[in-house]
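Engineer:
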Amino acid sequence: MERIDTRGADVGGIPIHRAMPTSGRRMVGAWCFLDHAGPVDAAPGHGLHVGPHPHIGLQTFTWMIEGEIMHRDSLGYEQLIRPGQVNLMTAGRGIAHSEDEASPAAGRLHAVQLWIALPEAERHRPPAFQHYPKLPLVDEGGFHVTVLVGEAFGKQAAPEVYSPLVGMDLTAGDAAGLSVPLQPGFEYAVLVLSGEARIEGEVLEPDTLLYLGSGREQLDLQCGAACRLVLIGGEPFGEEILLWWNFVARHPEEMEQATAAWNEHRHFGEVKGSPSARLVAPDVPALRQPQPFS
Ligand code: MN
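In terms of my numbering, the sequence shown is residues 4 to 297.
1. Counting Cβ pairs closer than 8 Å, one from the stretch 45–61 and one from the stretch 98–105, do we hit at least three?
2. My parser needs the alpha helix (DSSP H) runs of 4 or more residues fully inside the stretch 37–106; what are they?
3. Going along the chain, which residues of its own chain have a beta-carbon closer than 7 Å to the beta-carbon of L232, five neighbours each way excluded?
4. Can you tell me the Cβ-Cβ gap for F250 and I59, rounded? I've got them flagged as a contact below 8 Å.
5. Per DSSP, what kind of secondary structure is S297 in: helix, strand or coil?
6. Under a three-way DSSP split, which group does T9 fall into?
7. Taking just the CA atoms, how far does A120 sit from D38?
8. What are the start and end residues of each continuous beta strand (DSSP E) run of 3 or more residues lying completely inside the stretch 122–181, in chain order?
9. In chain order, what residues have a CB nearer than 7 Å to some heavy atom of the ligand SAM?
10. List the DSSP bridge partners of E289.
11. Got a sec? Which residues, its chain only, sit under 8 Å from P122 by beta carbon, not counting five neighbours each side?
12. Who does T326 pair with in a DSSP beta bridge?
13. So is Q221 buried or exposed if we call it buried at 16+ other beta carbons inside 10 Å?
14. Name the two residues that bound the continuous alpha helix (DSSP H) containing W265.
15. Give the C-beta separation of T63 and Q116 to the nearest angstrom, bearing in mind that I take them to be a contact with Cβ-Cβ under 8 Å.
16. Let me check one thing: in DSSP terms, what residues is A114 bridge-paired to?
This is the structure we're talking about:
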């Protein structure tokens with residue numbers, strides 16, 4: 004087991020902790036990005052606003068815990084996401100979207116956004132967007148387990164992904180204990196979102212990523228009081244990726260091309276209706292090694 008510090012940052016006016024990528028951990032299966040946003044009580048007029056921006060080569064997976072966000076994209080989707088719901092956007096060869104706090108009154112916001120790298124055979128597929136209003140929920144050992152992706156406790160989550168993956172939200176309102184069945188061929192990591200959890204005897208507080216590696220058949224999970232955490236896992240990805248700004252690719256030239264296309268209003272289409280300004284893609288640095296998002 005390996006503890007990995009998250010990095011504090013600001014995304015769209017909201018404080019976040021970035022658990023991946025960091026120098027300590029770039030991927031868990033195809034999961035290649037993990038932001039924990041909030042929980043925060045935003046003042047009126049100071050809610051989340053991420054203006055129109057492009058993505059390639061990945062899926063964005065948004066899990067809403069508190070608050071509401073309006074998603075708009077270049078396919079024309081306009082979708083409010085509420086607590087307990089998932090938005091899954093498949094960028095494939097290219098899409099643009101915006102994310103804005105739904106109410107001008109702002110208020111509470113707590114969410115997790117993950118990115119999933121698309122494998123070589125799928126990364127140029129047409130863009131798509133799907134909203135999942137309800138995910139499978141199982142009560143086990145005092146935990147409410149929401150299956151976000153893949154299969155767990157006999158339940159299959161609907162979100163459509165392109166490599167073997169699993170994701171769960173585990174929430175307990177009081178002391179609880181649970182053994183989570185794992186797949187030995189998957190690698191896993193846990194991020195506590197609130198409270199304190201004991202994982203295989205190791206005490207974990209919010210916003211430290213615990214990387215568990217692979218080869219495990221189960222995970223012993225306990226808490227002495229209310230807690231919430233996410234467990235992610237997947238088959239080791241097996242492809243080197245480049246991740247820079249909002250793009251996942253394989254070659255620096257692809258980053259240059261995507262940057263130029265976005266800044267010249269080509270290829271991605273436009274996002275209509277966002278109250279936020281369109282973002283400008285920054286210059287691409289020299290990318291010889293996989294680079295962290297910054
Ligand atoms: Mn985005």
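Glycine included, C-beta positions come from ideal geometry on N, C-alpha and C.
Structural biologist: Working from what's here:
1. yes
2. none
3. Non-local C-beta neighbours of L232 in its own chain, meaning closer than 7 Å and more than five positions away in sequence, comprise L173, V193, L194, V195, L196, A200, ordered along the chain.
4. 5 Å
5. Any answer about S297 is weak, because its pLDDT of 43 lies below 50 and its placement is not dependable; what the coordinates show is given next. Shown here, S297 sits in coil according to DSSP, grouped into three states, outside any helix or strand.
6. coil
7. 15 Å
8. 131–135, 140–143, 146–152
9. No copy of the ligand SAM appears in this structure; the ligands present are the ligand MN.
10. Just to set this straight, residue 289 is Ala in the shown sequence, not Glu. BP columns for A289 are empty, so no partner.
11. A33, Y165, S166, F240, E242
12. Nothing can be reported for residue 326, as the shown portion of the chain is limited to 4 through 297.
13. exposed
14. 255–266 is the span of the alpha helix (DSSP H), which, as asked, contains W265.
15. 6 Å
16. A40, M67
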